[in-house]
Amino acid sequence: MSSPLPLAGLSAVLLLVSASVAEAKPWKHAGMHPRTGRPADGLCHIETMHVHTAAPVHGETLYRTRDDVHIFIGDPTPFGYEGPRHAYYGHHPVVLNVYIQVDVDVVEYCYHDGPHYHAYAPPPRQEFVDREDVHYYAGEYPDEYKRDSPRRGRVNTVYSGWEVPRPVVTVAPPPQYHGPIIQVGLNLPVPRVELRVGAPPPPPPRREREVVIIREEHVVHEHHDDHHDHGKHHGKHDKHKKSKGRH
Ligand SMILES: [Zn+2]
Ligand SMILES: [Zn+2]
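Reading the sequence shown from the start, the letters are residues -24 to -1, 1 to 223 in mature numbering (1 follows the signal peptide of the UniProt record, and there is no 0).
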């Protein structure tokens, strides 16, 4: 009963546990990212690979990982970002080799609804269309985009609690854009949603409740009456080429 053996065994186990906890701590990051999950804490600007002892907050929505390296792909605006930025509308591919040199594109998807900013330009080998200096993804969305949509799309819930200045968009998205068209950033208590993924939904049979919910007073008028900026940016080439020289 009072044999010393079990105790010796226990302390050995405790040592092992604390060693593995210490080793599990460093979280690898590459590129600029929020210091914490709170906008007031600003950004960490280290571009090269580096390590933090705290796990990234909102890791699943604000970051993508490659070989255990966390890469922030979200809109840096709420965190006080003041560097060069690129305006996007809706969901689009992001190529992680913006930060990490690899031979093939590592494509992930941004699920920010509506107009938003990124520090990075659209990936050169992906198709984008520009309207009013806003980039719209013009390609098809693959299955993995749809598969990840439920968990990655929660990025919009994360950002809905923050003050996020957004690019001004006064015209409707170009037809080449097939992503969701969602009105955001108007401080509405409930996001007003017009889903227009793929073909427009058929008029609802009277008794299908879910369709009624989507159409019920939540239709957003993307076509503003105010066309003061109209025409200014028209005639732009559709294929995205620009990647430098903001001014
Ligand atoms: Zn950092
Ligand atoms: Zn985006």
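Ideal Cβ positions, reconstructed from N, Cα and C, are used throughout, including at glycine.
May I ask you to list the residues that DSSP assigns as paired with residue i?
i      : result
Thr41  : His46
Glu116 : Its beta-bridge partners do not exist; DSSP assigns none.
Trp3   : His28
Arg107 : Val110
Pro91  : Tyr65
Leu19  : Pro10
Glu139 : DSSP lists no partner for Glu139.
Glu84  : Val70
Keeping to the same chain, check which residues put their C-beta closer than 8 Å to that of residue i; ignore five residues upstream and five downstream.
i     : result
His88 : Gly50, Asp51, Tyr64, Gly66, His67, Val131, Asn132 and Tyr135
Glu23 : Ala6, Gly7, Met8 and Tyr75
Val45 : Lys4, His5, Ala6, Met25 and Ile76
What number of angstroms, rounded off, separates the C-alpha of residue i from the C-alpha of residue j?
i        : j      : result
His9     : Glu108 : 27 Å
Lys122   : Arg40  : 16 Å
Val70    : Ala97  : 9 Å
Val105   : Tyr153 : 8 Å
Pro100   : Asn73  : 11 Å
Thr12    : Pro156 : 29 Å
Ala31    : Tyr113 : 31 Å
Trp138   : Glu84  : 24 Å
Met25    : Pro151 : 39 Å
Val80    : His34  : 27 Å
Ala(-17) : Phe55  : Residue confidence for Ala(-17) is low, a pLDDT of 46 falling below 50, so the modelled location carries little weight; the figure read from the coordinates is stated next. C-alpha separation (whole angstroms): 50 Å.
Cys86    : Glu116 : 14 Å
Pro53    : Leu38  : Note that residue 53 corresponds to Thr in the displayed sequence, not to Pro. If you take the alpha carbons of Thr53 and Leu38, they lie about 13 Å apart.
Arg127   : Glu36  : 8 Å
Asp20    : Phe48  : The residue you asked about is not Asp; residue 20 is Cys in the sequence shown. Cα to Cα, Cys20 sits roughly 11 Å from Phe48.
Pro15    : Pro141 : 13 Å
Identify, in the order they occur along the chain, each residue of the same chain with its Cβ nearer than 7 Å to the Cβ of residue i, setting aside the five sequence neighbours on each side.
i      : result
Asp201 : With a pLDDT of only 47 at Asp201, under the threshold of 50, the placement of this residue in the model should not be trusted; the figure read from the coordinates follows. Counting only Cβ-Cβ distances below 7 Å, and skipping sequence neighbours, we find nothing.
Val110 : Ala63, Tyr64, Tyr65, Pro91, Pro143 and Val145
Gly59  : Ala95
Arg61  : Tyr93, His94 and Ala95
Tyr57  : Leu19 and Ala95
At a cut-off of 8 Å, would you count residue i as near ligand 1, judging by its Cβ distance to the nearest heavy atom?
i      : result
His26  : yes
Ile22  : yes
Arg11  : yes
His92  : no
His111 : no
Pro34  : First, the amino acid is wrong: residue 34 is His here, not Pro. No.
Could you tell me whether any non-hydrogen atom of ligand 2 is closer than 8 Å to the CB of residue i?
i     : result
Asp51 : yes
Val70 : yes
Tyr64 : yes
His88 : yes
His67 : yes
Excluding the five sequence neighbours on either side, which residues of its own chain have a C-beta within less than 6 Å of the C-beta of residue i, listed in chain order?
i      : result
Val27  : Pro2 and Lys4
Asp17  : Arg11
Pro167 : Only weak support is given to the placement of Pro167: the predicted model assigns it a pLDDT of 41, under 50, and the value that follows is read from those uncertain coordinates. None.
Asp119 : none
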